[in-house]
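Notes to accompany the following structure.
Residue numbers (the working numbering): 735 to 886.
Shown next, in the form of structure tokens:
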């Protein structure tokens, strides 16, 4: 039991480093300076800061999009709460409602394989370009070996 707890803490720490690196990359490293986390984590938190001159609200949206579906959902929720955030942040976070970029077709193929689906065995064709994309899913046109057109 104790060993499992340590492994869990290591996994959490690894994700914490990933999140930290993304936030630093998008110009939010000051957060870690203020709470003295850089000393705690040493050289483990390293990332290049984004060079484009974007506003803090835009950089926050970029970071949320890079962090993935859970963070996008949180951003969408916050975007409905004008009592929680400043108007300029609200405006950027509202873009997470309808303007989320799709993930790569390589990721789609990995998801299929993790679900036990072999695209080359199960489909005659899958469009690499999504019809639609949202925070937790996207839709692709496909055709079964039988010729039936489907969406996946």
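For each residue, glycine too, the CB sits at the ideal point set by N, CA and C. The structure displayed is predicted, hence computed values, not measured ones.
Under DSSP, the alpha helix (DSSP H) around residue i begins and ends at which residues?
i: residue 879; result: That residue, residue 879, is in no alpha helix (DSSP H); it is neither H nor E in DSSP.
i: residue 811; result: 803-812
i: residue 768; result: 764-768
i: residue 841; result: 839-848
i: residue 830; result: 821-832
Assuming residue i is part of the beta strand (DSSP E), what are its boundary residues?
i: residue 860; result: 857-860
Sort the options by Cα distance to residue i and report the nearest one.
i: residue 826; options: 838, 810 and 800; result: 810
i: residue 708; options: 870, 760 and 842; result: A question about residue 708 goes unanswered here, because the residues of the chain that appear run from 735 up to 886.
i: residue 824; options: 832, 814 and 879; result: 814
i: residue 751; options: 801, 768 and 793; result: 801
i: residue 808; options: 830, 793 and 788; result: 830
Three-state secondary structure (DSSP) at residue i?
i: residue 778; result: Per-residue confidence for residue 778 stands at a pLDDT of 48, beneath the threshold of 50, marking its modelled position as unreliable; the derived number appears in the next sentence. The answer is helix: DSSP assigns residue 778 an H, G or I state.
i: residue 792; result: helix
i: residue 753; result: helix
i: residue 867; result: strand
i: residue 836; result: coil
i: residue 787; result: coil
Under the DSSP definition of a beta bridge, which residues are partnered with residue i?
i: residue 884; result: 876
- Message: I'd like to know if the segment 806-820 and the segment 837-845 are in contact, where contact means that at least 3 CB-CB pairs between them fall below 8 angstroms.
- Response: no
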